[in-house]
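Asks: Structure incoming, see below.
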Amino acid sequence: MNKRIIKALQESGIDCLPNERFSLDVELFPENREHSSVPASALFERPELKEGKRGVEDRGDSFFRYFLDGSQRSWRVIDASIGGHYLPFCAGQVGVAVLERNDNGRFSPVRELTTVRNVLAVPDLIGKDEIPDITDKINTELDESQHFTIVRYKYTSKEDKDPGDLGRAMIIDEMQREELRTIRRMIQENLIGDRAMLAKDGGLQYRKDKRDKELDPLGDDIVQLRNVIGLAKTFKPELTLGKGRGRQSLGNLTKSLRWKERTTVIRPPDNRDTAYGWWYLRLRPTKWMYSPLQGIVKIEVFATGGEKGEGIPQGRADTLSSYVLAERNVTPYKADARWATHIYPIYLAETYLRSSFLSHTRFKSLIF
């Protein structure tokens, strides 16, 4: 019988007990939410779009060939008494999957680009030098496909945060790093191009140190990076755009979008090292939506070369928006509550990836 994680931790001298709240409550930690600390955004399009929005031509074709989804499941699984503190251990699975659409329109998973890993997040009261020994004890009797990566979270980093949230944040961090590694591998294998673009579920606004380490946007092929976009399904409508009398909340700007209209390209103004821009596109007619903000997708792109200082060209934003519009016709209606901002190929990638995760019962059996 495989040695359970809790047994391996106890053998390492850690006083720990199972957490009875072991749960699959994903709503406790919503995914892909736009961070509320994003500052008021600046215009980032050339020429300047004075009206703040623009209609997009529906060309009916798309050059997206690859579709990437990163997902994670995580739980607070163990409570431990360490150094006078009672802190949680969080465990989860992280994964990345890529689907390819061939010339006949058929989808298939790119199996060599699909990764699923187990992760255990422990408080940093456990020393860095102790991690290799604990990792060996946990993994020694597990199949290689079920091995755990151990990461440490700083339990004092944010006093207003529940330590369980901090542990889970480290698991999400592992997922994001896996996404970036996968994108970089695709770039190195020359898979991405003008007619073989990559659409990724979620945004591209990775923390700069993480992005530079895992992706190296200065060293990698900038032509291929131009052909990567992020599609985020949620955003914060209370964010403020513009300055002075022209200021308005994102919700006010986006709710007035008509079908096939997009906003101007914007970016956070106080971080010149952040080489990306984004805009919002109405993907579905409002008559089908229960809310004026439903059916709006956020499109993110890397800014390369002169775009970092001058902004994203209007033609580039229009062309990419038309490609996204072309993906709207097949929807996961009723199969996914987020159907209005989902494109079907990413829904397929997400479904395929989640089917590769261990079941709740099987994963729990690895813990205790």
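As numbered in numbering that gives the first Met the number 0, residues 0 to 367 make up the sequence shown, in order. We put the beta carbon where it would ideally sit given N, CA and C, even for glycine.
1) Cβ of Leu-179 within 8 Å of Cβ of Leu-230?
2) Quickly, what does DSSP pair Phe-88 with across the bridge? List them, please.
3) In whole angstroms, give me the CA-to-CA distance for Val-95 and Lys-232.
4) Quick one: Cα of Gly-54 to Cα of Arg-261, how far?
5) Following the continuous beta strand (DSSP E) through Ala-374, name the residue where it begins and the one where it ends.
6) Would you kindly report the start and end of the unbroken beta strand (DSSP E) that includes Asn-117?
7) Between the alpha carbons of Leu-119 and Thr-148, how many angstroms are there, rounded?
8) Mark Tyr-85 as exposed unless 16 or more other C-beta atoms lie within 10 angstroms of its C-beta, in which case mark it buried.
9) Which residues does DSSP list as the beta-bridge partners of Pro-162?
10) What is the DSSP secondary structure of Arg-225, reduced to helix, strand or coil?
11) Following the continuous beta strand (DSSP E) through Gly-314, name the residue where it begins and the one where it ends.
12) Take Ala-274 as the anchor and find which of Leu-282, Thr-253, Ser-320, Asp-211 has the nearest alpha-carbon.
13) Would you say the region 60-67 touches the region 313-325, given that touching needs at least three Cβ pairs under 8 Å?
14) Looking at Gly-276: is its Cβ nearer than 8 Å to the Cβ of Arg-283?
15) Checking the sheet assignment: what are the DSSP bridge partners for Gly-276?
16) Just grab the DSSP bridge partners of Arg-151 for me.
Replies: On the basis of the coordinates in this document:
1) No, the pair does not count as a contact, with Cβ atoms beyond the cut-off.
2) Note: Phe-88 sits in a beta bridge opposite Ile-77.
3) Their backbone Cα atoms lie some 18 Å apart in a straight line.
4) Going from the Cα of Gly-54 to the Cα of Arg-261 covers about 6 Å.
5) The structure shown does not extend to residue 374, since the chain is modelled only from 0 through 367, so no value can be given for it.
6) Where Asn-117 is concerned, the enclosing beta strand (DSSP E) starts and stops at 114-122.
7) So the alpha carbons of these two residues sit roughly 6 Å apart.
8) The residue in question, Tyr-85, is exposed, as its Cβ has fewer than 16 Cβ neighbours within 10 Å.
9) In the DSSP output, where bridge partners are listed per residue, Pro-162 has none listed.
10) Note: Arg-225 maps to coil in three-state DSSP.
11) In the DSSP annotation of this structure, Gly-314 is not part of any beta strand (DSSP E); the continuous alpha helix (DSSP H) holding it starts and ends at 313-325.
12) Just measuring C-alpha positions, the residue of Leu-282, Thr-253, Ser-320, Asp-211 sitting nearest Ala-274 is Asp-211.
13) Segments in contact, yes.
14) Not closer than 8 Å, so no.
15) Bridge partners of Gly-276: Val-300.
16) Paired residue(s): Val-121.
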